Structure formats: structure tokens, C-alpha cells
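**Q** For reference, each letter of the sequence shown is one residue, going 29 to 1152 in my numbering.
All C-beta atoms, glycine included, are put in the ideal place defined by N, C-alpha and C.
Keep in mind that this is a model prediction, so the values were computed, not measured.
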Amino acid sequence: GSYDITLTDQSAEACPFEIKPVLVNGPFALIKEPQITAPTCFGDDNGQIFLDVIGNNFSLFWNTGDTTEMLTGLSAGNYNATVIAGNCVTEIPVQVSQPPELTISPTITPATCANSADGKIKLNVFGGQPPYFYKWDNGNFTDSLTNLAAGLYSVTVSDVMNCEKVLQIEVEAPAPIQIDTLEFQQVSCAGGRDGAIQVGATGGTPFYSWQWSTGHSTSLLNFLETGNYTVTVTDQNGCSAQKTFFMPEPAPLDWSLVHQKNTTCPGIDDGSLEIAGLGGTPPYQYFWNNNAQMPRTDSLAPGIYWANILDARHCRLTTDTLVIAPADTLQINKNTTQPFCDGINSGKIHIDTTTLDPASGPHTFLWSNGADTPDLTDLSAGTYYLTLTDVKGCVFRDSTTLTAGKPVQVLVNKTSPACAETASGSIQLTPLGGIPPYQIQWNTGATGNTLTMLEAGQYQATVTDNVGCFLTTDTLHLTDPPTLSIAVESLENNRCAGDATGSIDISASGGTPPWNFQWSNNAVSEDLSGLSPGFYTLTLTDSRGCPKVETFEITAPPPILLTTDIINIPKCELDPIDSVCLLASGGIPPYQFLWSSGQTESCLVQAPTGEYAVTMTDANGCTKIMETVKYPDPIEPLTIELIEEMSDTIQCFNDQAGILTVYFRGGEAPYEYNWSQGQTGISHSDTLTMTNLESGLYNVTILDAKGCESISKTWQVGQAALLMPVVDTIFPVKCFNGSDGKIELNVDGGTPPYQYLWTDHTGQIISTQQDPDSLSAGIYSVTVSDAIGCTHAIDNRVVTAPTAPLTIQGTPPQIKPVSCYGGQDGAIQITPGGGVPPYNFMWENGATMPFIENLAAGDYGITVTDNHQCVLVSQIPVEQPDTLLFITSQVLNDASCFGKKDGSIIIDVDGGWGNYVFHWDDPKSSSGNALTQIPAGTYTVEVTDSGQCSLTKTYSISQPDEILVTFDITHQTTTQPGMVVASADQGFPPYAFEWSTGAIGDTLHDIPAGIYQVTVTDAQGCQVVHSVEVSMVNQVSGVSGGQVWLFPNPTTDRLFLRHENFFTAPGEVVISDFRGQIAARRKIEARTNGEEVFDLSGYPPGVYILRIWTPDGQVYVRKVVVVR
29 GSYDITLTDQ
39 SAEACPFEIK
49 PVLVNGPFAL
59 IKEPQITAPT
69 CFGDDNGQIF
79 LDVIGNNFSL
89 FWNTGDTTEM
99 LTGLSAGNYN
109 ATVIAGNCVT
119 EIPVQVSQPP
129 ELTISPTITP
139 ATCANSADGK
149 IKLNVFGGQP
159 PYFYKWDNGN
169 FTDSLTNLAA
179 GLYSVTVSDV
189 MNCEKVLQIE
199 VEAPAPIQID
209 TLEFQQVSCA
219 GGRDGAIQVG
229 ATGGTPFYSW
239 QWSTGHSTSL
249 LNFLETGNYT
259 VTVTDQNGCS
269 AQKTFFMPEP
279 APLDWSLVHQ
289 KNTTCPGIDD
299 GSLEIAGLGG
309 TPPYQYFWNN
319 NAQMPRTDSL
329 APGIYWANIL
339 DARHCRLTTD
349 TLVIAPADTL
359 QINKNTTQPF
369 CDGINSGKIH
379 IDTTTLDPAS
389 GPHTFLWSNG
399 ADTPDLTDLS
409 AGTYYLTLTD
419 VKGCVFRDST
429 TLTAGKPVQV
439 LVNKTSPACA
449 ETASGSIQLT
459 PLGGIPPYQI
469 QWNTGATGNT
479 LTMLEAGQYQ
489 ATVTDNVGCF
499 LTTDTLHLTD
509 PPTLSIAVES
519 LENNRCAGDA
529 TGSIDISASG
539 GTPPWNFQWS
549 NNAVSEDLSG
559 LSPGFYTLTL
569 TDSRGCPKVE
579 TFEITAPPPI
589 LLTTDIINIP
599 KCELDPIDSV
609 CLLASGGIPP
619 YQFLWSSGQT
629 ESCLVQAPTG
639 EYAVTMTDAN
649 GCTKIMETVK
659 YPDPIEPLTI
669 ELIEEMSDTI
679 QCFNDQAGIL
689 TVYFRGGEAP
699 YEYNWSQGQT
709 GISHSDTLTM
719 TNLESGLYNV
729 TILDAKGCES
739 ISKTWQVGQA
749 ALLMPVVDTI
759 FPVKCFNGSD
769 GKIELNVDGG
779 TPPYQYLWTD
789 HTGQIISTQQ
799 DPDSLSAGIY
809 SVTVSDAIGC
819 THAIDNRVVT
829 APTAPLTIQG
839 TPPQIKPVSC
849 YGGQDGAIQI
859 TPGGGVPPYN
869 FMWENGATMP
879 FIENLAAGDY
889 GITVTDNHQC
899 VLVSQIPVEQ
909 PDTLLFITSQ
919 VLNDASCFGK
929 KDGSIIIDVD
939 GGWGNYVFHW
949 DDPKSSSGNA
959 LTQIPAGTYT
969 VEVTDSGQCS
979 LTKTYSISQP
989 DEILVTFDIT
999 HQTTTQPGMV
1009 VASADQGFPP
1019 YAFEWSTGAI
1029 GDTLHDIPAG
1039 IYQVTVTDAQ
1049 GCQVVHSVEV
1059 SMVNQVSGVS
1069 GGQVWLFPNP
1079 TTDRLFLRHE
1089 NFFTAPGEVV
1099 ISDFRGQIAA
1109 RRKIEARTNG
1119 EEVFDLSGYP
1129 PGVYILRIWT
1139 PDGQVYVRKV
1149 VVVR
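1. Going by DSSP, name the residue or residues bridged to F545.
2. Rounding to the nearest angstrom, what Cα-Cα distance links G54 and I82 in this structure?
3. For I730 versus Y701, is the C-beta spacing smaller than 8 Å?
4. What are the uninterrupted segments assigned as beta strand (DSSP E) that are 3 or more residues long and contained completely in the region 891 to 920, given in chain order?
5. Taking 8 Å as the threshold (C-beta atoms), are I890 and I858 in contact?
6. Distance check for P963 and P1018, CA to CA, integer angstroms please.
7. When you compare each of K652, L394, S917, T272 to L416 by their alpha carbons, which one comes out closest?
8. Tell me the rounded alpha-carbon separation between Q264 and R1109.
9. Comparing C-alpha positions only, which one of N774, F161, I64, S537 sits nearest to Q797?
10. Give a yes or no on contact between the region 1001 to 1014 and the region 909 to 924, applying the rule of three or more CB pairs nearer than 8 Å.
11. Should the region 115 to 126 be regarded as contacting the region 59 to 72, the criterion being three or more beta carbon pairs within less than 8 Å?
12. Decide if the region 283 to 298 is in contact with the region 238 to 251; the criterion is three or more beta carbon pairs, one per stretch, under 8 Å apart.
13. Please return the same chain residues whose Cβ sits closer than 8 Å to the Cβ of T364, not counting the five positions on each side in sequence.
14. Measuring CB to CB, does C1200 end up less than 8 Å from P1005?
15. Would D646 be called buried (16 or more neighbouring beta carbons within 10 Å of its own) or exposed?
16. Less than 6 Å between C-beta atoms, sequence neighbours within five positions excluded: which residues of the same chain meet that for Q313?
17. Do the region 860 to 877 and the region 907 to 921 touch if we need at least three Cβ pairs shorter than 8 Å?
18. Counting Cβ pairs, one atom from each stretch, are 3 or more of them under 8 Å apart for the region 495 to 502 and the region 432 to 441?
19. Thinking C-beta only, is P464 closer than 8 Å to D508?
20. With DSSP collapsed to three states, give me the class of P44.
21. Following the continuous beta strand (DSSP E) through D407, name the residue where it begins and the one where it ends.
22. Between the Cα of S630 and those of A641, T637, P636, spot the shortest distance and give me the residue it belongs to.
23. Enumerate in chain order the residues of its own chain whose CB-to-CB distance from K442 is below 6 Å, with the five nearest sequence positions on each side excluded.
24. Consult DSSP for T383 and reduce its assignment to one of helix, strand or coil.
25. From this set, R344, N318, G615, which residue's C-alpha is nearest I307's C-alpha?
26. So, is A1047 buried or exposed, given that buried needs 16 or more other C-beta atoms within 10 angstroms?
27. So I856 packs on V906, CB below 8 Å; how close in whole Å?
28. Which word fits K652, buried or exposed, when buried means at least 16 other C-beta atoms lie within 10 angstroms of its C-beta?
29. Would a C-beta distance cut-off of 8 Å place V1072 and F1084 closer than the cut-off?
30. So what's S374 in DSSP terms, helix, strand or just coil?
31. Might you give, ordered along the chain, the residues of its own chain that have their beta carbon closer than 7 Å to the beta carbon of E97, omitting 5 neighbours on each side?
32. What distance in whole Å lies between the Cβ atoms of T689 and I671, which are believed to be in contact at a cut-off of 8 Å?
33. What residues in its chain sit with their C-beta under 7 Å from that of Y983, if we drop five residues either side in the sequence?
34. Taking just the CA atoms, how far does K576 sit from S557?
35. Would a C-beta distance cut-off of 8 Å place Q783 and F681 closer than the cut-off?
36. From which residue to which residue does the beta strand (DSSP E) around Y967 run?
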């Protein structure tokens, strides 16, 4: 504090003596209640403690090692601060707490089926700071999800402080239903109906039910023909799976021609045929029309042959007719290629052996040059003779003459280089004759008919035409003109610096005169004069433009320089100077001097004080004149004086800021100085300043460059009382970026009045008041100055504010747009940040939570208020698609033929949210806007946009009627061949008929018993394929000794065939309609008695023919009637 002291002596008068006030300063500290900011979330490390300590000369220590009043980045826990002021020690314990941990407990309902989406998740949330906000990885914002497929789902749950917890939840489902094949029996023969399929199931939830595409509902399906069969298995939960089976059948019985050999020569029966059975069920039996019974028959005369083939299951097939032809006459065709030129053997003769009858081969060839091949190559011009003999000894003679083409020639045009040692020559060749195009190869490695940019030298080229004929040119010579050169006759440099008297004299030779001269100083003469120092470049050009460049240098002596030097200066007395001398350089030594006083030496010795002129001349006669050379006055003695206006002899309390400034007069620099406190140094100026001086007495001793010394008188530096400012209270800013902060300051000591200078952390002055207000958040420092300029600074006083502005994070945050145009399923969830939690919410519709839902499209206003009453107002838009989802165009193409898969549907969609997904109900579950390669039928498409809005549309694809084919059959007997006449209807006439025998037309004549296939094509290219059977009718009654019964006949579905003593050997039963199309077919093994059952429920009503075949070719024929 400040104390007044009065001293009283012991005299009778008690004389008082008053001492000016004395300020006694000691350490002190005032500690305010800690300001604690808890971590935002459980486990965070963003808590804060601010301990406001007011005082001076105190120390602050935290158990964290920090020494500042503000601690940041804190997790929950106990902290301890120690404040030491003098001998006073204060311990302040501080506890930072945190909110409870956010936890999630889900309730999960599994999906019913493996591929269904009816699972559910309900979230139960605890801890944190309600209310809670939810964000799923599928875009939902509720506490529960429904209609879920099996899989992993991720949810982020956050509380009002934006604390988050992420959890992955698995929704389970039963295993997919698997359909197993227990038994599979394929169709025995092509066209049969004895296939069977037995299936079982695993997975899903037992028990299972079955439904086949045929309408049957058992796990066993039998009496099947070839085709696709689909079974649907349904479990206890209604989950289903499908599997499609293809029921195969043996390939239709077919045959191939393995070998065919015609007769070698007319009159020789040495033809042969060999066939092989294909398809059906091997092994095969063969019955030729010449009574042969093996795959191969030999020794055949020219004629027509065919065979019946019977496979292991008694399927029957008659081959096409095969013709053995007599030998043909020998015919020869040839092609020739002429030689390109003399000396090139490129001629060819080619005999076209493909025109020779293969049956007459092999052939032998004999040429007049001894060759024995059909073709001759690498031939020169000339005539060649051929003798050709076939296997029968038939001979053919022929001659061929070859002639050569024109030789290669060339025209030459050459140009030598224009300048010596340059590449400006050229050669051009023009090829003639031969066969273009030409290849030209030079001895330089270059190619092409023209060479440019050539130097002088020898060149040669080889010209080759398109067929290899070539010509090599003579050596072509290119020569240079004489070399252009420059000779120097004389070169004169300048005598004195600054002159322009130099000259260059040159002469030119070589090249092609006349010459052109061009100098770098723009002169165009041959020689130059009157030149200053420098470089001069000459470009010499002859009449062909050939250049020659040379550079010449003109020099001059360096400029003459003069300086003065004073000799024998007196040390400390006021004596005259001894002499003044000149120092010379440059020019050409030796030098001569002439002073204005008449002296001719380089020095003036003991001359009167004043100014003199001097002229110096070098050895070249160049001169330098100094108009003024000063002969100085005598030296003044050294003295020292204090400069009062530049000195400060009163300073602040305990400062070392005293200033003394002295002035030197006389003497000669540099000056050595020695202060009474021991500071020493050297000064090159005539003033000397001492700073940062404590209070006390000072003098200085000066010694100049000549050793002359001077000692000053003594000066006193005093001090003032201590200046003591203290920050009392700091008021924080309420809102982010606000400016309502304030600092209150108390000042004591020093010498009033005071001045205040407040600055921010950048050094910018923000106030000159004692208590600044309207402050924004930041770090502030103040410097207090008293009346005598003493200052005291307080640094880094923090005005706090919310660390971030009040915001709605991620603007616009977590907005769920309206799914469909006109809908009301939009939602908004905001997550406030910044400011000072907790927050209050007020939507313009009255809602007071951060989450609102069931919204139509539009703008929704919200006001968020934090704990400091800072306010944020925002408008958040909820969008919807511009229009409903709609189909803008549709193109339908019907199937071109009955049963053909070439129909198509193409649609274009607009509206909604875009990113359309198409799902068709065709067997492939196609996606995309186009459905192609489809048969006739009804198709439904569901179009879904990215907002899950959908529309459904059904389309129909039609087809023409199936071509109806009927047959008029004449069966084969022992006396006549069979015949079939086909008729077509319901298609687009006219119709084309193509039979499996290769025959064209609606009638098949003179055919043996067998099964024949016909392909009928209408005018639109639509096709149907039908089979018809022609029988061998040589017995139409029962087999001797055996009996057959058919019942019921007529029948509605099943037909029973009972036999006794009939199939003593394996046989075959075939049922066909009157058009010859087969309805049923079955092989019967040899046995005494038996019963066969035929399922005719899938065939239309009508009259059918039943035939029983025996291995020896006999047939039993009955009529069967199917009614409904």
C-alpha cells in the first residue's frame, strides 16, 4: 500500500520532517468460483475449466501440468489447481462430470421367408440427453423399421447434444427352400410319353405342398413327353420355391453318309455305299433295297439305292435315295500368270483340279520341264507342254506359252548445293516402265523418289517395281561452290577512354560475287571507321545468299581516376596540416601533374589553406582535370557535452530506462568511450547514447583515433513510484460473433492521470477507455501509462464466447423428400450445433422437437434458441417430384409367327424422382425399359423410381394362328411304294414344303415305309415341322395264334391294350392321327401276355390309327376314337 512517513527529532521543538508517500507492493491473489463446461458426450474430451484469479505476482499450477487460467480439451474426472501468492498457497479441487453413455437395445423380428421383406427392428434407447434422433443407412429417421429382408442394417442414434452411437443389427430368415431331384426317368423315344420326375424339398419351414405346371399336386409326375415342367414347393409359412425340369428324349433317328464311291469307268460295277445310324438308341440294324444288311454295300452298278434303319428300341427310318453314277469324261481348266520381266522367273501355270471328277482320280501330271505336279511356278518366258493321265489311263495333252513384261527405266533431275558446306542440294527420280508402284532405295538409306537438303557428295539409287524388277542408277555427283571467307587488313583501337576513333579494314573472297556487307551497327560498307569501344559483327552474303559471319572488338584504355589523401594530420593540438597528395589510376602511366599554383608534383606541401585546381596527363596524352582540391583548416581539440533534449534522467519505478546522450566536438573519429559503470565501446559518429540505465550517477571518458582524451562531468538518473493496474472482472460474450463482452480495470500507483491502450491479439488498438466494452471474443492486452510515461502491461486476458455459431449442421440436414407427387411422407431432422446447449426448438407449425414428419412439399420455418438466448431462424425446403410417374410412350411389336419369340414391348417413362427400375413378370424377371425376344402373351411391368413410387401397366402381345398341316397318305404295299400329299391352312399363303428327304413341294412320291418330316413355310417366313408315318401294309389282321383287345373304344382318357400270345418277339405300338402326326409310341418287350395303358387325355377328340409293328415288318392296324 501507500504510506506517509513523518520523522520528528528529539529537540524541545520536536521539529517534524515529512517524507513523500512510500508505496509498498506485495503479492496477492483473489480466486473466483471455477467456471466448468462438461464434455458434450460420454467419453468426449472437450470439457473446459476457467479459473479467474485476480492479483499480481502469483503462480498457478494444475495437476495436468498446465499453468493457464483456462483448461480445454478435458475428459470427465477430478482436477486440482494450486495458486501461490507469496507465502500463501491455495488448493482448489474441481470435478468435471459427463452425461450418461448412450446405449441401444434392439427388438428384432425375423423375416418369414428367405427372400421376403417382412422383418422388423424396434430400437430401445437409454442414456445420453433425450430427445433422440435416428438415421438408418437406408435413409429412414424413425426408431423402428418394418418390411425388412434378411441382412445387416446400420443405425446412428444421436441425442440432443449430437452425441452418436452406431449399431449394426442383423435380421435373420429361414434357409431358402431347396428342391431336390429324387428320381428322373427320361422319355424312351423321340415323341414318347413315358417320362417321370420325383422331387423332394429341404430348407424353409416344413411341411411342404407341391404344385406342377401341369396342374398335378403330388411330388411324383409321370406319363411325360419331352418339354419343360415346373414345380412350385410351398412350406408351412407360405414361402415358396420353383424349379424347372427339362424332360429330354433321344434325338430323332437319323443317318449320315459315311462313304460313297461311284463306278470307276463305264461298264465296271465297282461302286460302294456306307451309311451310319445317328440319334435314337444304338445299336442299329440296316436293310438295303438290294437286300444287303450291313452298313456298307459294295460292287454296285450305277443306279438308285436306299436303306431302312432300325434302332435298339425299334425306331424306324428310311434313308434318302442315293445315286451311284457312272464315270464322267475328263475336263481340265487352267489359269496362267505371265513373267513380270526378263530375268525374273515369276510366271505360273495353275491346273484347276477342282474341275476334275474325283471318281477318276488320282491323276498323274507330266510337264515338258520334268515337273509332275498340277501347278508350275517361278517360270521364265517360254512354251510348256502337259501330259495328264487319270486312273483309267485316259490321257490329255496341252501347251501353254508365257511372255515377259516391260523393263524398268528412270529419268534423273539433280541440283548441287547453292552454298559451300551446306545441305541444299536435291535429286529427283522419275521411274518409267515396269509395273507401278515403285520402291526407291538410296545408298544413304533414304527411300522415295526425291532427296532434298543434300550436301556435296556421291549418290546412287535402286528402283524396284511392284513385282521385283529393278534398275540401279549411275553414280550422281553434287559439288560445292568456293568457300566464302573474310580477311582482316587492319584494326585500330581508341587511344583514350570516351574516344570514337577506332577503325576496321577487311577484304572478302570466295562464294559467288558480288558480295553484300551488313554490320551490326547497320553500316553496309566494306570497312568501318570512327568507332567507339565495343563488338562489331559483319554478315557477308554472296549473290546466292550464302552467309559468312565474323565479330571484331574495338577497345580503349580504362578512364583516368583521381583521389586526394591528407598527410601528417596533427593529433590533439590546433596545428596546421603537413601536405595534401593526389592518388591516380586508369589511363596509360606514367602521369604528369600541373597545379593551379604552378607546382608539378603529385602533392601540395605546407600550402596555404584554400582550394586548388590540378590537370593530370597520361602517356597517351589523355587528360583529367580536378577543378577543386581543398587544403583543410587546423584540427579542433576534443570536448564532451550532454544533450539535454535527448536525455531522460527521470524513469519509472525499478525500470532500467534512463537515457544519457553526449555530443563530441573536435578530435578524430572513431572514438573509444568508457562509462563510469564499466560500459565500453567504439563510436564512429559525434554522438553517444546510453539507454536502459538504472537510477544513479554517470560520467564518460572519450579517447579519439589519435589518442586525444576528454572526461565528462557527472550526471544523475532518478526514478518515480510503481504503477499498478489490475483486471477486476471479465464479462464473456453471450452469442457467437457477438460484441457485448466487457473488461473492468483498477489502477493504483504511478503518477496520475493515466492513459489506457487496449489491443487485440493482432496488435490492433480497440479502446483507450479504462473499462472497454462492446468486445467480441478474443485475447486482449492493455498498456497503462502515467503522467511521466511509465507503463505497465497486462497481456492475454481472454473474453470468451461460444466456440461455434448456432447452426443447423449440414444445411439442409437430413431431409427426407416426399416420395410421390402430392404425398405427405416428408420428414426433417435437424441437429443443432455451436452456441451454448441445451437448445429449444419452435417450428412454425407449433412442433417443439428437432424431428418432424408426415410433411407435404413446401418450406418449413424453425427457430432454434440456445441457453444464452441466442436465436437462429431457418427455412428448410421439403421437395417432391414435379409430376407423378407416367408412361410417355409405348411401342408394341407382336410375334411374327405362332410360337415365335420375337415380340417386343418398349416403354419410356417420365415424372417421379428418376432412376427408374423396371420389373417385368416374364419368366426371366427382366429389367429395363425394353422387353424383347418374347412370345405371345400378357406381360405386366412395374416401374419404380428412386423415391419408391411405382406404377403398373399390363400389355398383350398377340401372334398369328399356327399353320395347320394335314396329310393324305398312301401307305406302301408289297406291290407299290408309298406317297404323301401335304396341305396347309391358317398361315399366310403361298406355302413352301421341304421334306426330310430333300424333296421340295407338297407331294412326296414313290417312298418306302417310314417316318417323314416336312417343314412348311408361309409367305411371312413362319414355319412348322410335322412328322408323318407311311406304313408297310402287307398284313391288316391279327398275327396268327395271338389275340389283341382294345378298351374302352371310344375312350375319354386312358386306352388299355391287352395281348395274349401276340408279342412272341419284341414289337412296337404307334398311335397317330389321320394327318400322320404321332400321339403315342411304345416299345413292347417279348412276353406271353400283358397289358399296356396309353394316356390320351391330353389329345383333342377325333379318330386315331393304332399300329402294332413286328420285327419282321408286319403291322396290325386298328382304329381308336377319342371323345369328350
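**A** To lay it out plainly:
1. L568
2. With a pLDDT of only 48 at G54, under the threshold of 50, the placement of this residue in the model should not be trusted; the figure read from the coordinates follows. Approximately 14 Å between the Cα atoms of the pair.
3. yes
4. 899 to 906
5. yes
6. Distance between the alpha carbons of P1018 and P963 is about 24 Å.
7. Of the residues K652, L394, S917, T272, the one whose Cα lies closest to the Cα of L416 is L394.
8. 41 Å
9. N774
10. no
11. yes
12. no
13. G375, K376, I377, H378, T428, L430
14. Residue coverage of the chain in this structure runs from 29 to 1152, which leaves residue 1200 outside it and unanswerable.
15. buried
16. Excluding positions up to five away in sequence, the list reads L338.
17. no
18. yes
19. no
20. Looking at P44 - three-state DSSP - the assignment turns out to be strand.
21. The displayed chain sequence assigns Leu, not Asp, to residue 407. First-last of the beta strand (DSSP E) with L407: 404 to 407.
22. A641
23. Closer than 6 Å at the Cβ level, and outside the excluded window around K442, lie I455, L504.
24. Helix, per DSSP.
25. The sequence shown places Gly at residue 307, rather than the Ile named in the question. It is R344 whose Cα lies nearest to the Cα of G307.
26. exposed
27. 7 Å
28. buried
29. no
30. coil
31. F78, L79, D80, V81, L88
32. 5 Å
33. Contacts found: L920, I933, Y967.
34. For S557 and K576, the distance between alpha carbons rounds to 21 Å.
35. no
36. 965 to 972
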